[in-house]
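*Asks:* As they're listed, the protein sequences go chains A and B. Numbered per UniProt numbering, the first sequence spans residues 1 to 338. Numbered per UniProt numbering, the second sequence spans residues 1 to 338. Heads up, the beta-carbon is just placed ideally off N, CA and C, and yes, glycines get one too. On a predicted model such as this, the values are computed, not experimentally measured, just so you know. Before I ask anything, let me first share the structure, which is written out below as structure tokens.
Number of protein chains: 2
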Amino acid sequence: MNLKEFASRIGLSATTVSRAMSGYPEVRPETRARVLEAAETLGYRPNISAQRLATGRAGAIGIVFQGGGRFGPHSSEFMGGLSTRLQRDGIDILVSTVETEEEEIAAYRRLAASKRVDAVILHTPTCRDKRIALLQTLGLPFVVHGRSEAKKPFAFLDIDNFGAIAEATRHLAVLGHRRIAFINGDTASTFARDRQDGYCAALAEHGLTPDSTLMSHGEFTDETGFRLTQCFLGLPSPPTAIIAGSMMSALGAMRAIRVAGLSPGTDVAIVAHDDVFPYLSPENLVPAVTTTQSPIRAAGERIGDMAVRLLQGEEPDSLQEVWPVELIVRDSTRPVLA
Amino acid sequence: MNLKEFASRIGLSATTVSRAMSGYPEVRPETRARVLEAAETLGYRPNISAQRLATGRAGAIGIVFQGGGRFGPHSSEFMGGLSTRLQRDGIDILVSTVETEEEEIAAYRRLAASKRVDAVILHTPTCRDKRIALLQTLGLPFVVHGRSEAKKPFAFLDIDNFGAIAEATRHLAVLGHRRIAFINGDTASTFARDRQDGYCAALAEHGLTPDSTLMSHGEFTDETGFRLTQCFLGLPSPPTAIIAGSMMSALGAMRAIRVAGLSPGTDVAIVAHDDVFPYLSPENLVPAVTTTQSPIRAAGERIGDMAVRLLQGEEPDSLQEVWPVELIVRDSTRPVLA
DNA sequence: CTGAAAGCGCTTACAG
DNA sequence: CTGAAAGCGCTTACAG
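This is the structure:
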């Protein structure tokens with residue numbers, strides 16, 4: 001049933017029905033109530049494509065993941081939060097996966113040109129990110145999950161990656177650790193650079209010099225955590241503590257420590273950054289893992305919120321947040337063995 | 001730039017341009033080439049909302065997750081596969097999250113009435129699933145990930161859950177295990193029922209009687225696996241083997257075994273169902289875990305494919321598949337200790 | 001507060 | 001093989 005038919009059935013004009021249903025003020029309350037009730041009863045819903053064509057709004061927000069393979073646990077938590085928030089405003093999420101950066105760029109061009117989305121969520125930016133420049137040029141509104149540099153201001157939400165890893169490093173240094181290894185993410189991205197800066201800054205505070213053999217990076221997976229830790233443990237002078245960029249890496253690190261006949265927490269201290277996976281709680285690991293904690297799901301919700309505001313006309317430079325990260329000391333970080 | 005402007009710029013009618021761009025046959029190859037090239041150069045893309053309104057197709061497929069919180073690692077792998085496949089046909093994925101079953105039902109009604117999607121992916125069906133009946137009534141095409149009973153046939157892809165768990169159970173029985181525990185999923189769903197049936201059938205083959213204290217269920221998370229295993233190990237006569245419904249549960253189970261001062265694989269054998277998470281490989285665990293393996297990502301791709309076919313007019317009853325599951329014996333299943 | 005009419009940007013019978 | 005025109009189902013100035 002379309003608007004015309006519905007309107008005639010309840011003896012009103014299409015105009016009035018349309019206005020009543022979109023919550024415009026210039027309709028009498030009784031009329032609106034009557035329309036809404038009739039819509040419910042008769043099962044009328046505006047055709048979304050027609051609505052979009054008429055308003056020029058897509059009613060959807062896009063997010064593209066590079067490497068279908070990289071759509072992992074972090075993405076899913078983030079998406080869960082994003083979707084929860086956008087649902088409130090009836091905004092759809094349009095998910096695309098691409099393989100390369102060029103494809104990603106092409107995807108944004110396509111989304112913009114075909115007016116398929118009203119805005120886009122960009123994640124894991126590099127320090128100077130092409131994609132940001134592109135979106136600004138295209139005039140496609142966007143919110144960045146992470147930080148970057150650009151001439152024009154843009155909306156973003158980031159966590160305090162510098163502070164998080166600095167505090168973790170400091171905590172270990174205070175416990176007497178001198179050889180602290182660090183498993184970082186892809187070093188092209190801002191978050192990895194910030195974390196590394198935090199790590200180095202805290203080392204310096206304690207008179208320690210960064211040792212490149214103790215700094216490694218890769219995907220945040222169990223497997224990579226395992227491999228990198230095996231390398232660390234094979235060094236002539238292995239670390240007594242490891243900072244892992246994700247709970248996933250921490251799982252692998254702990255496994256490698258055990259395989260080497262050592263005891264995680266006792267022989268090698270562990271701190272992990274915890275994005276808070278409901279199915280993988282650091283308290284439940286053995287030993288309970290000290291973490292820098294910042295729920296990625298909450299970030300997803302907030303970014304959804306920021307996107308909505310952006311579409312309502314708020315200025316990008318008023319939509320910029322950096323969230324603090326909490327260090328939660330548990331059982332996996334003990335004083336260095338004498 | 002819209003069609004009219006673009007067409008006039010290249011000196012053709014809107015009709016011809018439209019036909020050339022949608023790949024209709026009745027356009028001269030040279031004309032088509034010229035149009036496509038000009039579109040590329042001038043950056044013209046059809047407005048997707050207008051296209052949809054005119055064709056009556058939404059160009060999107062919906063999937064709804066109950067409990068934003070349940071959007072976990074299984075969902076994300078599945079989505080990765082689905083998205084990879086649908087991208088090929090330019091079909092968007094529309095993700096919704098809801099909290100209750102009523103909300104989910106309402107979501108389908110909304111999607112159908114507003115013509116927001118052309119089809120829907122339904123997952124984790126129960127044995128007689130209301131949602132299936134609803135979608136059939138609404139006339140909204142759908143593909144089910146899993147199996148169910150219904151009067152009218154429908155498209156589905158399921159794995160052989162019965163066979164998978166039966167084989168796992170058999171394998172353990174052959175190794176001499178007599179007390180085999182089973183961590184199952186939500187028992188309302190078909191897959192859990194099938195798995196339980198497989199478990200019981202294989203026990204029976206070996207003259208074993210199911211013991212309800214050894215059959216437990218819950219979410220497929222590390223935490224639940226941990227708790228349930230702690231219960232098992234606290235029994236007067238604890239199991240010598242555990243079958244876990246997911247790698248996530250297996251992680252928790254192994255942790256509980258260790259916490260109890262026992263050794264996974266040696267003291268308590270472990271088999272896990274492995275949906276194949278790229279970041280959590282059973283070979284890399286210690287001990288390497290015996291699994292029933294069936295990649296959920298591949299299932300997502302295939303279901304995307306089936307959805308496309310369904311929209312092309314293939315009959316639901318020609319789109320029904322059950323995938324075999326492979327038992328991969330590794331180190332975590334050893335003969336029972338004397 | 002309500003309605004008639006134009007317009008959003010496409011597709012697609014129909015005619016040539 | 002190409003084009004003029006109607007139609008998809010809404011929204012929204014404009015007029016009353």
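Between A288(A) and the rest of its own chain, which residues show a CB-CB distance below 8 Å, the 5 nearest in sequence each way excluded?
*Replies:* Residue 288(A) sits at position 288 when you count from the first residue of the first sequence. Within the same chain, A288(A) has close Cβ partners P282, R330, D331 and S332.
*Asks:* Could you tell me which residues DSSP puts in a beta bridge with T291(A)?
*Replies:* For the purposes of this step, residue 291(A) is identified with residue 291 of the first sequence, where counting begins at 1. A272(A) and I328(A), per the DSSP bridge assignment.
*Asks:* Does the distance from the CB of G11(B) to the CB of A299(B) come in under 8 Å?
*Replies:* Position 11 of the second sequence holds residue 11(B). Position 299 of the second sequence holds residue 299(B). Not in contact: G11(B) and A299(B) (Cβ atoms no closer than 8 Å).
*Asks:* Answer yes or no: do V271(A) and I243(A) have a C-beta to C-beta separation smaller than 8 Å?
*Replies:* For the purposes of this step, residue 271(A) is taken as the residue at position 271 of the first sequence. For the purposes of this step, residue 243(A) is taken as the residue at position 243 of the first sequence. For V271(A) and I243(A), yes; Cβs fall inside 8 Å.
*Asks:* Does any residue of chain B bring its CB to less than 8 Å from the CB of residue 339(A)?
*Replies:* The requested residue 339(A) does not occur in the structure, where chain A is confined to residues 1 to 338.
*Asks:* Taking C-beta pairs closer than 8 Å, name the residues in chain A that V95(B) reaches, listed in chain order.
*Replies:* To locate residue 95(B), count along the second sequence from 1; it is residue 95. Under the 8 Å cutoff, chain A gives M79, S83, D92, I93 and V95.
*Asks:* Relative to the alpha-carbon of I159(B), which residue among Y108(B), H206(B) and I303(B) has its alpha-carbon at the smallest distance?
*Replies:* As a position in the second sequence, residue 159(B) is number 159, starting the count at 1. The residue with the shortest Cα to Cα distance from I159(B) is I303(B).
*Asks:* Is A113(A) close to chain B, meaning its C-beta is less than 8 Å from at least one C-beta of that chain?
*Replies:* To locate residue 113(A), count along the first sequence from 1; it is residue 113. Judged by the 8 Å Cβ criterion, A113(A) is in contact with chain B.
*Asks:* Does chain A have any CB closer than 8 Å to the CB of M248(B)?
*Replies:* Position 248 of the second sequence, counting from 1, holds the residue named residue 248(B). Cβ-Cβ to chain A under 8 Å: yes for M248(B).
*Asks:* For the region 91 to 99 of chain A against the region 91 to 108 of chain B, do three or more pairs of beta-carbon atoms, one drawn from each stretch, fall closer than 8 Å, so that the two count as touching?
*Replies:* Output reads yes: the region 91 to 108 of chain B touches the region 91 to 99 of chain A.
*Asks:* Assign K151(B) to buried or exposed, taking buried as 16 or more other Cβ atoms, counted over all protein chains shown, within 10 Å of its Cβ.
*Replies:* Position 151 of the second sequence, counted from the start, is the residue given in the question as residue 151(B). Classification for K151(B): exposed.
*Asks:* Quick check on M247(A): does DSSP put it in helix, strand or coil?
*Replies:* Along the first sequence, one-based indexing puts residue 247(A) at 247. In the structure shown, M247(A) sits in a helix (DSSP, three-state: H, G or I).
*Asks:* Counting C-beta neighbours from all protein chains within 10 Å, is the total for L285(A) 16 or more, i.e. buried, or is it exposed?
*Replies:* Here residue 285(A) refers to the residue found at position 285 when the first sequence is read from its first residue. By the 10 Å Cβ count, L285(A) comes out buried.
*Asks:* Can you tell me which of S49(B), F182(B), R179(B) and T290(B) puts its alpha carbon nearest to the alpha carbon of L327(B)?
*Replies:* Indexing the second sequence from 1 puts residue 327(B) at position 327. Of the candidates S49(B), F182(B), R179(B) and T290(B), the one whose C-alpha sits nearest the C-alpha of L327(B) is T290(B).
*Asks:* Under 6 Å Cβ to Cβ from A38(B), same chain only, skipping five residues before and after it: list those, please.
*Replies:* Counting from 1 along the second sequence, the entry for residue 38(B) is found at position 38. Taken in chain order, the residues that qualify are I10.
*Asks:* Looking only at C-alpha atoms, which of A60(B), A256(B), F6(B) and R110(B) sits nearest to E40(A)?
*Replies:* Taking the first residue of the first sequence as position 1, residue 40(A) is located at position 40. When only C-alpha atoms are compared, the closest one is R110(B).
*Asks:* If you count every other CB in all the chains shown that lies within 10 Å of the CB of residue 354(B), and 16 or more means buried, which is it?
*Replies:* Because chain B here runs from 1 to 338, residue 354(B) falls outside it and cannot be looked at.
*Asks:* Report yes or no: do three or more beta-carbon pairs, one from the region 114 to 126 of chain A and one from the region 259 to 278 of chain A, lie closer than 8 Å?
*Replies:* The region 114 to 126 of chain A, when compared against the region 259 to 278 of chain A, does not touch it at the 8 Å Cβ threshold.
*Asks:* Taking beta-carbon pairs under 8 Å, can you tell me which members of the region 150 to 177 of chain B lie near chain A?
*Replies:* Cβ contacts with chain A come from no residue of the region 150 to 177 of chain B.
*Asks:* Do you know whose CA, among I183(B), A260(B), C200(B) and R193(B), lies nearest M248(B)'s CA?
*Replies:* Start at 1 with the first residue of the second sequence, and residue 248(B) comes out as number 248. Ranking I183(B), A260(B), C200(B) and R193(B) by Cα distance to M248(B) puts I183(B) first.
*Asks:* Give the C-beta separation of residue 366(A) and V143(A) to the nearest angstrom, bearing in mind that I take them to be a contact with Cβ-Cβ under 8 Å.
*Replies:* The structure shown does not extend to residue 366(A), since chain A is modelled only from 1 through 338, so no value can be given for it.
*Asks:* I'd like the span of the beta strand (DSSP E) that includes H145(B), first residue to last.
*Replies:* As a working note, residue 145(B) is residue 145 in the second sequence. Looking at the DSSP string, the run of the beta strand (DSSP E) that includes H145(B) is F142 to H145.
*Asks:* How many angstroms separate the CA atom of E99(A) from the CA atom of R88(B)?
*Replies:* Reading the first sequence from its first residue, position 99 is the one you call residue 99(A). Reading the second sequence from its first residue, position 88 is the one you call residue 88(B). Cα to Cα, the separation comes out at about 13 Å.
*Asks:* So, with DSSP's three-state summary, where would you put N184(A)?
*Replies:* Numbered from 1 along the first sequence, position 184 holds the residue referred to as residue 184(A). The answer is strand: DSSP assigns N184(A) an E or B state.
*Asks:* Please report whether the beta-carbon of F232(B) lies at a distance below 8 Å from any beta-carbon of chain A.
*Replies:* By one-based count along the second sequence, residue 232(B) stands at place 232. With 8 Å as the cut-off, F232(B) does not count as an interface residue toward chain A.
*Asks:* Could you give the distance in angstroms between the alpha-carbon of D197(A) and the alpha-carbon of F162(A)?
*Replies:* Residue numbering aside, residue 197(A) sits at position 197 when the first sequence is read from its first letter. Residue numbering aside, residue 162(A) sits at position 162 when the first sequence is read from its first letter. If you take the alpha carbons of D197(A) and F162(A), they lie about 6 Å apart.
*Asks:* Of the residues that make up the region 202 to 234 of chain B, which ones have a beta carbon closer than 7 Å to any beta carbon in chain A?
*Replies:* From the region 202 to 234 of chain B, only T221, D222, E223 and F226 have a Cβ closer than 7 Å to chain A.
*Asks:* Within 10 angstroms of its Cβ, does Y24(A) collect 16 or more other Cβ (buried), or is it exposed?
*Replies:* By 1-based counting over the first sequence, the position of residue 24(A) is 24. With fewer than 16 Cβ atoms within 10 Å of its Cβ, Y24(A) is classed as exposed.
*Asks:* Check distances from the C-beta atoms of the UniProt domain "HTH lacI-type" (1 to 55) of chain A to those of chain B and list, in chain order, the residues that come in under 7 Å.
*Replies:* Residues G43, R45, P46, N47, I48, S49, A50, R52 and L53.
*Asks:* Excluding the 5 residues flanking H206(A) on each side, which residues of the same chain have their C-beta closer than 7 Å to its C-beta?
*Replies:* On the first sequence, residue 206(A) is found 206 positions in, with the first residue counted as 1. Counting only Cβ-Cβ distances below 7 Å, and skipping sequence neighbours, we find A173.
*Asks:* Measuring only the C-alpha atoms, how far is K130(B) from Y279(B)?
*Replies:* Reading the second sequence from its first residue, position 130 is the one you call residue 130(B). Reading the second sequence from its first residue, position 279 is the one you call residue 279(B). Their backbone Cα atoms lie some 35 Å apart in a straight line.
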